[in-house]
Amino acid sequence: GKTRYYKFDIKLQTVTRLCHTKSIVTVNGLFPGPQITAQEGDRLLIEVVNHVPNNITLHWHGIRQLGSGWADGPAYVTQCPIQTGQTYVYNFTIIGQRGTLLWHAHISWLRSTLYGPIIIIPKPDDSYPFANPYKEVPIILGEWWNGDPEAIISEALQAGRGPNVSDAYTINGLPGPLYNCSAKDTFKLTVKTGKTYLLRMINAALDEELFFSIANHSLTVVEVDAVYVKPFHTDTLLIAPGQTTNVLLETKPDYPKATFFMAARPYFTGSGTFDNSTAAGILEYEYQAPSINSPSLISISPKDIPLLKPSLPPLNDIALVTSFQKSLRSLATTQFPCNVPQTVDRRFFFTVGLGTRPCPKNRTCQGPNGAQFSASVNNVSFTLPTTALLQAHFFGQANGIYTTDFPTNPPFSFDYTGTPPHDTVVNCGTKVVELAFNTSVELVMQDTSLLGTDSHPLHLHGFNFFVVGQGFGNYDPNKHPPNFNLVDPVERNTVGVPSGGWVAVRFLADNPGVWFMHCHLELHTSWGLRMAWVVMDGELPRQKLPPPPSDLPKC
Ligand code: C2O
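Counting in mature numbering (1 follows the signal peptide of the UniProt record, and there is no 0), the sequence shown runs without a single skipped number right up to 558 at its last residue.
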């Protein structure tokens with residue numbers, strides 16, 4: 004592979020959406036941020052220079068970072084932040100991956116404006132497992148706040164309550180015509196008739212899983228999280244924050260000029276307050292002069308075709324989501340095998356969910372019953388340390404920074420789908436799980452539904468996992484494992500733990516380092532729904548984490 008160099012200047016830029024003008028943190032003044040394009044096998048050198056008052060880190064979401072854990076990016080996990088005026092070069096090689104991923108800031112809520120696509124093209128002699136598309140188009144979904152997301156989350160955390168929701172969802176940074184004062188900020192994709200387009204869909208929103216569809220067009224899913232899947236047709240996609248989905252769009256053979264809405268809006272299984280507004284973009288057929296051989300073109304004049312709206316499913320369409328997720332299967336071919344671990348060395352059962360914590364004595368909290376909102380894994384609400392876990396691990400200085408007693412099971416169990424117990428105690432701490440090199444892990448994550456009814460898109464850094472089972476209700480270790488899919492489970496880096504249900508994943512801990520795992524709903528991460536795995540070095544030199552680069556920021 005070759006070496007590709009990118010310069011990312013983190014700087015403020017004035018941007019207007021919904022008639023609100025504000026200064027946002029950007030890469031090179033762009034919103035959304037620049038696209039990174041590379042080929043499988045390439046080395047990337049991304050020089051990040053921080054010109055803003057905020058501390059910054061960037062994360063290459065879904066890149067495995069084999070042997071390059073120092074470049075992963077989560078603040079206080081693999082690195083200390085890049086402070087104002089400082090520079091850090093992220094240096095990593097893309098090994099064994101091709102497809103669509105994303106990069107984003109990984110500190111506080113800065114990823115609300117700092118994000119962009121990563122496109123990894125296959126090696127020159129590897130083709131797609133589908134016909135070559137006529138054109139490829141990245142479509143990145145996001146959120147827009149009229150206010151400052153950094154201030155919104157810090158005030159909410161201080162008050163122990165939920166924060167304000169965003170003011171709009173966006174398609175490639177644009178909210179579209181269904182919002183007030185936004186018609187001129189509409190993403191438009193112009194297409195030709197009778198062609199196949201590869202849409203590289205990315206959900207970079209902070210806090211919502213999103214449905215996406217295009218009026219009168221079916222989509223063929225061919226890849227998720229940069230891993231090919233068995234192709235299937237669907238009218239609607241569900242994409243959780245942190246997930247990516249490649250789809251083929253076949254344009255109709257016979258529209259001379261027509262426009263259709265594409266739209267994205269949340270999937271939300273709860274009741275109560277949510278923002279049900281819709282981001283919209285436009286798919287526009289380019290005008291082509293009718294030819295004598297296609298009389299059908301002459302019969303349709305532009306005026307005859309109204310702007311068609313897609314029929315998005317109800318906000319809480321659990322049945323659709325369940326069937327969408329069941330359709331996701333690895334290709335499992337000789338060229339693209341499914342390497343799901345067939346045996347398990349260590350089993351973990353994690354409860355994930357929202358709850359409350361007592362309000363600190365010197366404060367008043369606006370959460371339920373005067374408590375503060377909290378989120379936890381096995382009742383541990385993870386506290387970020389003041390120095391990076393990876394450095395502490397590498398230099399043998401864990402003492403006082405983290406402990407290795409992260410519980411492998413919840414402290415007590417109950418009927419997770421029934422009436423929750425009201426005496427749940429959430430502990431705070433910086434606890435990790437240590438794994439020997441090459442441990443085969445099975446992890447079952449059960450939503451507790453203690454408070455709120457969101458599903459939790461759990462994201463694991465440093466690995467892809469295989470989704471071997473999922474269901475609603477309580478996980479049963481006797482009943483469910485015999486039905487696990489060990490043949491063609493989907494392989495990905497972010498999976499939704501369904502509200503009131505569970506998901507089982509397997510991965511092989513073959514990448515030494517410290518790897519963050521957290522809910523990719525940024526609010527839940529802020530509340531503590533996060534933890535870390537410490538994967539120890541193996542015996543061989545290539546199984547050891549190399550020392551940190553000399554420009555690694557200090558805390
Ligand atoms: Cu996309 Cu830890 O994040």
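Ideal Cβ positions, reconstructed from N, Cα and C, are used throughout, including at glycine.
Query	Result
Using a threshold of 7 Å, is the CB atom of Gly-245 nearer than that to any non-hydrogen atom of the ligand C2O?	yes
What's the call for Pro-479, buried or exposed, on a 16-neighbour Cβ count within 10 Å?	Looking at the sequence shown, residue 479 is not Pro but Asp. So Asp-479 ends up on the exposed side.
Following the continuous alpha helix (DSSP H) through Ala-229, name the residue where it begins and the one where it ends.	Taken as a continuous stretch (DSSP letters only), Ala-229 belongs to no alpha helix (DSSP H), as it is neither H nor E.
Could you tell me if the beta carbon of residue 589 falls within a distance shorter than 7 Å of some heavy atom in the ligand C2O?	No answer is possible for residue 589: the residues shown for the chain start at 4 and end at 558.
Would the C-beta of Phe-519 count as close to the ligand C2O, meaning under 7 Å from any of its heavy atoms?	yes
Would the region 110 to 126 and the region 205 to 219 be scored as touching if the rule is three or more Cβ pairs under 8 Å?	yes
Just curious, the alpha helix (DSSP H) that Leu-328 is in, first and last residue?	According to the sequence as given, residue 328 is Gln; it is not Leu. From DSSP, the alpha helix (DSSP H) with Gln-328 extends over 321 to 329.
Cβ-heavy atom distance between His-527 and the ligand C2O below 7 Å?	no
So, for Thr-375: in the same chain, excluding its five sequence neighbours on each side, which residues have a beta-carbon less than 6 Å away from its beta-carbon?	Sequence inspection shows Gln at residue 375; the Thr mentioned does not correspond to that position. Contacts found: Gly-163, Arg-360, Cys-362 and Cys-368.
Give me the Cβ distance between His-523 and Pro-460, rounded to the nearest whole Å; I'm assuming they're in contact under 8 Å.	4 Å
I need the straight-line Cα distance from Asp-418 to Pro-313, nearest angstrom please.	39 Å
Can you give me the Cβ contacts of Val-537 inside the same chain, cut-off strictly under 6 Å, excluding the 5 residues immediately before and after it?	His-396, Val-435, Glu-437 and Val-517
May I have the straight-line CA-CA distance separating Gly-421 from Asn-477, to the nearest angstrom?	10 Å
Which two residues bound the contiguous beta strand (DSSP E) that contains Ala-267?	262 to 269
Quick one: Cα of Ser-502 to Cα of Gln-328, how far?	14 Å
Would you kindly work out how many angstroms separate the C-alpha atoms of Val-194 and Leu-201, rounded to a whole number?	12 Å
Would the beta-carbon of His-459 be found less than 7 Å away from any heavy atom of the ligand C2O?	no
Should residue 596 be labelled buried (16 or more other beta-carbon atoms within 10 Å of its own) or exposed?	Any property of residue 596 remains undetermined from this structure, which presents the chain solely from 4 to 558.
Just verifying my parser: in three-state terms, what is the DSSP assignment at residue 3?	Examination of residue 3 is not possible in this model, given that the chain is present from 4 through 558 alone.
Quick one, which of Phe-235, Pro-152 and Ile-98 has its alpha-carbon nearest Ser-26's?	Pro-152
Which of the three DSSP states, helix, strand or coil, is assigned to Gln-449?	strand
Quick one: any contact between the region 220 to 234 and the region 157 to 174, if contact means 3 or more CB pairs under 8 Å?	no
Measure the Cβ-Cβ separation of Thr-196 and Pro-256 and say whether it is below 8 Å.	yes
Can you tell me which of the three DSSP states Ser-304 falls into?	Residue placement at Ser-304 is flagged as unreliable, the pLDDT there being 45, under the threshold of 50; a coordinate-derived value is accordingly withheld.
I need the DSSP call for Leu-201, collapsed to helix, strand or coil.	strand
Can you tell me whether Leu-543 is buried or exposed, with buried defined as 16 or more other CB within 10 angstroms of its CB?	exposed
Cβ-heavy atom distance between His-464 and the ligand C2O below 7 Å?	yes
Using the DSSP secondary-structure output, state which residues sit across from Gly-472 in a beta bridge.	Ala-507
May I have the straight-line CA-CA distance separating Leu-393 from Glu-50, to the nearest angstrom?	21 Å
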